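Undergrad:
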């Protein structure tokens, strides 16, 4: 019988004795103090109850708090929710004169919930000898040492960083920046494994930043000697970063490489960026993962074709392990081995945009946020609520974005992918459509087969090219074209994931598809207010911009889409840099005139007058 079973048996008996003695205030304290004395004495003599003695030390409990710890654990072991507040006040009165009614002196590992005082799940998990119960978005890992590819210098920097002493009241963070699929979390786990310490990872997108939840993290770090770490991929949670700075001396940060931490976060940050592996490193990885199985590769597949995949480190390792599994089965062919989630037909887009960057009218913005929330709830509705069993067909979510070019449709897809934490793949239509009969259907099928293997969002940009209206049949070509559209509609409906279709020409869409679409979002041309916001936020903070630039004037004078504003701003920046001066109105107006020229438009008399004033 292990220490947990022995201790729980003793504690449960104590809990029963304590429960029976509640009516007798004179014996309640005696029961607890006797139990505490017996537990502590046996622990000292035998070392059997190590977690108990370590918990007392790590929680820095005084004698009164030790009795409270024993009482709450005893109640938990006997199956009770906790101790009522009145009973707690009474016990505190017995234990220490003058403590009655003083709730603010309770130690942090005691939770007040629904009129009851209860032991924190983190502490109870520790005493039980198991991983603790943590709030949603927070997880404790006990990593083992593994192989690190190409990031040895980051490991060394992290080790040196963690070895530095932290003065009281100070805080510092070691930040790993990289694109999704680079193996950021794995690397942080290896940093902890080298230090022989667990990793407490907090997901910034799902973690509720409440005092109780943060307290659970603090207790976990104290009891398990864990390294706290926060993931800030989806959005920069500055409030959470501030809480980490206040609670922990040293911690880690995982974030997308395109995200920037705001200055003045309250802690010193050491940041390292992971790069994609080069061909030589990928060759080494392939040799180590595949080993002797390299000799089983088909004649038409070379190791150089495999290492030519442009994938981040983590994604490439998963790709290699998939190849190894296929080779071990002995039925792998060329198409199977060279097919990856990022194939010739699917291009990975960065999911690094936020709602703050997206400029849309209130109704459209609200609909997108609602879509994000509903997609997040989809798995629970399908599996736990039973919708997946009741409706086994057409359970995917399809969204149609329509509007003028440059109004933010692709950016909105990136925002959704970032908020949902899902990879976003744009379908390459040039690789999809074939002039040969039957090949387009095959390509469509392969796209959805690949998408089914990786929980991702599919983006069909300029989707009107393939989702066209079915025509009257006049020849064999019309017949097969209609068959392709019908097959595409079928696969969209069968796809269990999220598909986004973007178009500038809604009128070209087949009516049958419109009936099958889950949601439609219109992207209008920005009005004057939105254009003003776009101009005000278009130039990066390091760009020198002349004070003469009047964003409101530009917004009122020129009706441009978001993409055209971006192009005009880039034109202006390049022109100003070539002249070695700051960006002024004449540079911007020159860029706007260039955008008008591409669209076949000329300046009106008032616009020309404004341009002449600066050019």
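In this note's numbering, the protein residues as written are 1 to 615.
Even for Gly, the Cβ is constructed at its ideal location relative to N, Cα and C.
All figures in this text were calculated on a predicted structure; none of them were measured in a lab.
Identify the residues that DSSP records as bridge partners of residue 520: which are they?
TA: 400.
Undergrad: May I ask you to report which of helix, strand or coil DSSP gives residue 300?
TA: Correct three-state label for residue 300: coil.
Undergrad: Nearest to residue 580 by CA position, among 135, 543 and 569, is which residue?
TA: Ranking 135, 543 and 569 by Cα distance to residue 580 puts 543 first.
Undergrad: Going by Cα to Cα distance, which pick from 588, 203 and 560 is closest to residue 601?
TA: Nearest option by C-alpha distance: 560.
Undergrad: For residue 359 versus residue 533, is the C-beta distance shorter than 7 Å?
TA: Yes, the Cβ-Cβ distance between residue 359 and residue 533 is below 7 Å.
Undergrad: For residue 538, which of helix, strand or coil comes out of DSSP?
TA: In the structure shown, residue 538 sits in coil (DSSP, three-state: anything other than H, G, I, E or B).
Undergrad: With a cut-off of 8 Å, do at least 3 Cβ pairs link the segment 270 to 280 to the segment 196 to 215?
TA: No contact exists between the segment 270 to 280 and the segment 196 to 215.
Undergrad: DSSP three-state call for residue 175: helix, strand or coil?
TA: In this structure, residue 175 counts as strand in the three-state DSSP scheme.
Undergrad: Pick helix, strand or coil for residue 170, following the three-state DSSP scheme.
TA: It is coil, neither helix nor strand.
Undergrad: Between the alpha carbons of residue 228 and residue 222, how many angstroms are there, rounded?
TA: Their Cα atoms are separated by approximately 10 Å.
Undergrad: What did DSSP end up calling residue 120 once you bin it into helix, strand or coil?
TA: DSSP places residue 120 in coil when its eight states are reduced to three.
Undergrad: Just the Cα atoms here: how many angstroms apart are residue 477 and residue 152?
TA: Bear in mind that a pLDDT of 45 at residue 477, under 50, signals an unreliable position, so the number given afterwards is only what the model happens to contain. One C-alpha to the other measures close to 58 Å.
Undergrad: Assign residue 211 to one of two classes, buried (16 or more other C-beta atoms within 10 Å of its C-beta) or exposed (fewer than that).
TA: With fewer than 16 Cβ atoms within 10 Å of its Cβ, residue 211 is classed as exposed.
Undergrad: Please report the Cβ distance between residue 163 and residue 267, rounded to the nearest whole angstrom; I am assuming they are in contact, meaning their Cβ atoms lie under 8 Å.
TA: Between residue 267 and residue 163 the Cβ distance is about 17 Å, and since that is not below 8 Å, they are no contact.
Undergrad: I'd like the span of the beta strand (DSSP E) that includes residue 616, first residue to last.
TA: There is no way to answer for residue 616, as the model of the chain reaches only from 1 to 615.
Undergrad: Quick one: using the 10 Å Cβ neighbour count with 16 as the cut-off for buried, is residue 587 buried or exposed?
TA: With 16 or more other Cβ atoms within 10 Å, it is buried.
Undergrad: Count the other C-beta atoms from every protein chain shown that fall within 10 angstroms of the C-beta of residue 344, then say buried if there are 16 or more, exposed otherwise.
TA: In this prediction, residue 344 scores a pLDDT of 49, lower than 50, which makes its location untrustworthy; no coordinate-derived value is stated.
Undergrad: Helix, strand or coil: which one does DSSP assign to residue 474?
TA: Any answer about residue 474 is weak, because its pLDDT of 46 lies below 50 and its placement is not dependable; what the coordinates show is given next. Of the three classes helix, strand and coil, the one that applies to residue 474 here is coil, per DSSP.
Undergrad: From the DSSP output, read off the bridge partner residues of residue 459.
TA: Answer by DSSP bridge pairing, in chain order: 426 and 500.
Undergrad: Within the continuous beta strand (DSSP E) that includes residue 590, where are the two ends?
TA: Here residue 590 belongs to no beta strand (DSSP E); instead the alpha helix (DSSP H) covers 585 to 598.
Undergrad: Starting from residue 155, follow the alpha helix (DSSP H) in both directions and report where the run begins and ends.
TA: Here the alpha helix (DSSP H) through residue 155 covers 152 to 163.
Undergrad: Quick check: residue 135 and residue 193, are their CB atoms within less than 7 Å of each other?
TA: No, Cβ-Cβ distance for residue 135 and residue 193 is not below 7 Å.
Undergrad: Within its chain, find whatever has a CB closer than 8 Å to the CB of residue 407; leave out the 5 residues flanking it on each side and keep chain order.
TA: Closer than 8 Å at the Cβ level, and outside the excluded window around residue 407, lie 523, 524, 525, 526, 561, 562 and 563.
Undergrad: Would you mind sorting residue 598 into buried or exposed? The rule is 16 or more other CB atoms within 10 Å of its CB.
TA: Answer is exposed; the Cβ neighbour count stays below 16.
Undergrad: Can you give me the Cβ contacts of residue 472 inside the same chain, cut-off strictly under 6 Å, excluding the 5 residues immediately before and after it?
TA: In this prediction, residue 472 has a pLDDT of 45, which is less than 50 and means its spatial position is unreliable; what the coordinates show is noted afterwards. Result list for residue 472: empty, nothing under 6 Å.
Undergrad: Is the beta carbon of residue 140 sitting closer than 7 Å to the one on residue 131?
TA: In contact: residue 140 and residue 131 (Cβ atoms closer than 7 Å).
Undergrad: Let me confirm a value: residue 385 is counted as buried when at least 16 other C-beta atoms fall within 10 Å, else exposed. Which label applies?
TA: By the neighbour-count rule (16 or more Cβ atoms within 10 Å), residue 385 is not buried but exposed.
Undergrad: Any contact of the segment 488 to 505 with the segment 409 to 416, i.e. 3+ C-beta pairs under 8 Å?
TA: Judged by Cβ distances under 8 Å, the segment 488 to 505 makes contact with the segment 409 to 416, as three or more pairs qualify.
Undergrad: Tell me the DSSP bridge mates of residue 138?
TA: According to DSSP, which records beta bridges pairwise, residue 138 is partnered with 202.
Undergrad: Give me the Cα-Cα distance between residue 251 and residue 188, rounded to the nearest whole angstrom.
TA: If you take the alpha carbons of residue 251 and residue 188, they lie about 11 Å apart.
Undergrad: Just verifying my parser: in three-state terms, what is the DSSP assignment at residue 197?
TA: Coil at residue 197, not helix or strand.
Undergrad: Output needed for residue 182: all residues of its chain with C-beta closer than 7 Å, excluding positions within five of it in sequence on either side, in chain order.
TA: So the qualifying residues of the chain are 274, 312, 313 and 314.
Undergrad: Can you check which of these residues, 398, 361 and 421, is closest to residue 463 by C-alpha distance?
TA: Residue 398 is the option with its Cα nearest to residue 463.
Undergrad: What is the DSSP secondary structure of residue 113, reduced to helix, strand or coil?
TA: Strand.
Undergrad: By a C-beta neighbour count over all protein chains shown, 10 Å radius and 16 as the cutoff for buried, is residue 285 buried or exposed?
TA: Residue 285 comes out buried.
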